[in-house]
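Participant: In our numbering, the protein residues as written are 10 to 387.
1. Specify the secondary structure class of residue 136 as computed by DSSP and reduced to three states.
2. Residue 59 and residue 105: beta carbons closer than 8 angstroms?
3. How long is the line joining the alpha carbons of residue 330 and residue 128, rounded to whole angstroms?
4. Look at the alpha carbon of residue 32 and the alpha carbon of residue 297, and state the distance between them as a whole number of angstroms.
5. Please return the same chain residues whose Cβ sits closer than 6 angstroms to the Cβ of residue 113, not counting the five positions on each side in sequence.
6. Would you tell me roughly how many angstroms separate the C-alpha atoms of residue 198 and residue 78, rounded to the nearest one?
7. Excluding five sequence neighbours on each side, which residues of the same chain lie with their C-beta closer than 7 angstroms to the C-beta of residue 367?
8. Kindly list the residues whose CB is nearer than 8 angstroms to the CB of residue 231, restricted to its own chain and excluding five residues on each side of it in sequence; keep chain order.
9. Using the Cα positions of residue 289 and residue 312, report the straight-line distance between them to the nearest angstrom.
10. Residues in the same chain with beta-carbon distance under 7 angstroms from residue 376, minus the five sequence neighbours each way, listed in chain order, please.
11. Got a sec, what are the start and stop residues for the beta strand (DSSP E) residue 204 sits in?
12. Taking only three categories from DSSP, how would you classify residue 350?
13. Could you tell me the distance, in whole angstroms, from the CA atom of residue 382 to the CA atom of residue 265?
14. Please state whether DSSP places residue 125 in a helix, a strand or coil.
15. Counting C-beta neighbours from all protein chains within 10 Å, is the total for residue 47 16 or more, i.e. buried, or is it exposed?
16. So, with DSSP's three-state summary, where would you put residue 355?
17. Starting from the Cα of residue 350, find the closest Cα among 262, 152, 315 and give me that residue.
18. Considering only the beta carbon of each residue, do residue 2 and residue 262 sit closer than 8 angstroms?
19. Where does residue 321 fall in DSSP's three states?
20. Pull up the CB-CB distance for residue 221 and residue 242, whole angstroms please, since I reckon it's below 8 angstroms.
21. DSSP three-state label for residue 93, please.
22. Would you say residue 100 and residue 81 are within 8 angstroms of each other, going by their C-beta atoms?
23. Can you name the start and end residues of the beta strand (DSSP E) that residue 39 belongs to?
24. Please determine if the region 53-68 and the region 312-324 are in contact, where contact requires at least 3 C-beta pairs separated by less than 8 angstroms.
25. Using a threshold of 8 angstroms, state whether the C-beta atoms of residue 6 and residue 142 are closer than that.
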């Protein structure tokens with residue numbers, strides 16, 4: 010009987026020890042496309058998440074005075090909405106304490122409802138669709154500027170920096186194209202500034218003669234296009250063929266290395282201005298350079314694009330947990346809403362919707378057919 014009592018006590022001790030050990034592990038999920046056409050970006054993101062977790066663990070990460078081990082649970086959504094929701098549910102079932110991801114708006118938005126229903130926090134390092142935060146899910150955040158910010162900032166830049174007065178606007182009738190063009194028009198306000206023409210095309214169009222001829226008659230200083238590079242390139246060629254010498258501006262959909270190839274000589278020298286989310290300048294550039302060097306040393310490869318934002322997203326989530334003295338999403342969520350974190354990508358604070366405050370945008374032009382950085386604006 011005494012022997013049985015000892016065995017029972019030993020079993021209870023083991024059970025308690027196992028429970029204590031389970032409480033010392035905090036699981037952070039990461040989702041990105043590590044297969045498919047965007048795999049180079051997804052792997053870049055996953056490497057950054059792992060780097061952040063490893064650094065926190067090596068420094069002795071603790072919550073409420075108790076040492077904990079952070080564990081990364083990485084999943085692949087292949088940039089596919091169906092796979093994205095499947096892995097989102099997988100992370101929910103694994104009882105992660107928070108999620109960093111996804112990369113694509115097309116996977117982040119449907120996955121966000123699954124995380125919301127499970128009471129999880131989701132911080133995206135790359136999703137720019139305005140719908141992502143406009144769903145009003147309290148646990149949804151992003152550390153990059155959204156499409157509305159991008160379009161509005163381009164409008165302001167066109168008026169205040171480029172000093173344009175007359176503007177023609179074209180969009181491709183997609184949700185993205187219409188949205189970024191509308192936000193640009195809202196931002197392009199100033200004394201004497203006029204939108205002299207608005208025209209529409211499609212995402213698969215190749216002939217723009219009719220709309221460009223109409224625009225030419227209005228003699229704009231700048232043509233803004235809401236759409237993708239595959240349309241913007243041929244459009245630029247036809248603009249130059251018709252003798253339209255106006256500047257050409259657009260958002261991240263056309264702001265690619267490929268635009269120089271698609272437009273050929275028509276891309277001009279400094280004639281095109283476009284923007285994408287993110288970017289640093291000034292004193293922050295050294296901090297970013299140091300991160301890039303550490304990343305290269307750890308992974309053996311260069312940063313592709315969003316790795317710094319993934320790294321900061323993990324750090325922001327961990328910091329909120331420490332401030333709340335808990336890894337329970339319900340408890341650290343209020344801390345995340347009021348956080349002010351100095352990261353690799355700059356100061357991270359969120360507005361009530363979960364969008365980053367004062368998010369940066371990088372402006373580019375094209376010289377010698379190559380995309381060239383102009384400035385970083387906030």
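A virtual CB, placed ideally from N, CA and C, is assigned to each residue, including glycine.
Facilitator: Short version:
1. Start at 1 with the first residue of the chain shown, and residue 136 comes out as number 127. Secondary structure at residue 136: coil, using DSSP grouped into helix, strand and coil.
2. The sequence position of residue 59 within the chain shown is 50, counting from 1. The sequence position of residue 105 within the chain shown is 96, counting from 1. Not in contact: residue 59 and residue 105 (Cβ atoms no closer than 8 angstroms).
3. What you label residue 330 is simply residue 321 of the chain shown in a count that begins at 1. What you label residue 128 is simply residue 119 of the chain shown in a count that begins at 1. Roughly 15 angstroms separates the two Cα atoms.
4. Mapped onto the chain shown, residue 32 falls at position 23. Mapped onto the chain shown, residue 297 falls at position 288. Confidence in residue 32 is poor, its pLDDT being 43 and thus under 50, which makes the residue's placement too unreliable to answer from.
5. Numbered from its first residue, the chain shown carries residue 113 at position 104. Within the same chain, 88 come within 6 angstroms of residue 113 by CB-CB distance, once the 5 residues on both sides are set aside.
6. Along the chain shown, one-based indexing puts residue 198 at 189. Along the chain shown, one-based indexing puts residue 78 at 69. Straight-line Cα distance between these residues: approximately 51 angstroms.
7. Taking the chain shown and counting its residues from 1, one reaches residue 367 at position 358. 387.
8. Residue numbering aside, residue 231 sits at position 222 when the chain shown is read from its first letter. Closer than 8 angstroms at Cβ, skipping near neighbours: 167, 171, 173, 175, 176, 177, 255, 256, 257, 258.
9. Taking the chain shown and counting its residues from 1, one reaches residue 289 at position 280. Taking the chain shown and counting its residues from 1, one reaches residue 312 at position 303. Distance between the alpha carbons of residue 289 and residue 312: 14 angstroms.
10. As a position in the chain shown, residue 376 is number 367, starting the count at 1. Within the same chain, and ignoring the five residues on either side of residue 376 in sequence, the residues whose Cβ sits closer than 7 angstroms to its Cβ are 278, 279.
11. One-based indexing of the chain shown puts residue 204 at position 195. Annotation: the continuous beta strand (DSSP E) that includes residue 204 extends over 203-209.
12. In the chain shown, counting from the first residue as 1, residue 350 sits at position 341. Three-state result, residue 350: strand.
13. If you number the chain shown from 1, residue 382 lands on position 373. If you number the chain shown from 1, residue 265 lands on position 256. Roughly 12 angstroms separates the two Cα atoms.
14. By one-based count along the chain shown, residue 125 stands at place 116. Helix at residue 125.
15. Counting from 1 along the chain shown, the entry for residue 47 is found at position 38. With a 10 Å radius around the Cβ and a threshold of 16 neighbouring Cβ atoms, residue 47 comes out buried.
16. Numbered from 1 along the chain shown, position 346 holds the residue referred to as residue 355. Strand, per DSSP.
17. The residue given as residue 350 occupies position 341 in the chain shown. Minimum Cα distance to residue 350 is reached at 152.
18. Within the shown structure, residues of the chain are numbered from 10 to 387, placing residue 2 beyond reach of any answer.
19. If you number the chain shown from 1, residue 321 lands on position 312. Note: residue 321 maps to helix in three-state DSSP.
20. Taking the chain shown and counting its residues from 1, the one referred to as residue 221 is at position 212. Taking the chain shown and counting its residues from 1, the one referred to as residue 242 is at position 233. Not confirmed; about 14 angstroms, so no contact.
21. Taking the first residue of the chain shown as 1, we reach residue 93 at position 84. Note: residue 93 maps to helix in three-state DSSP.
22. Here residue 100 is taken as the residue at index 91 of the chain shown, counted from 1. Here residue 81 is taken as the residue at index 72 of the chain shown, counted from 1. In this structure, residue 81 does not lie closer than 8 angstroms to residue 100 by Cβ.
23. By one-based count along the chain shown, residue 39 stands at place 30. Here the beta strand (DSSP E) through residue 39 covers 34-41.
24. Yes, they touch.
25. This structure cannot settle anything about residue 6, because the visible part of the chain is limited to 10 through 387.
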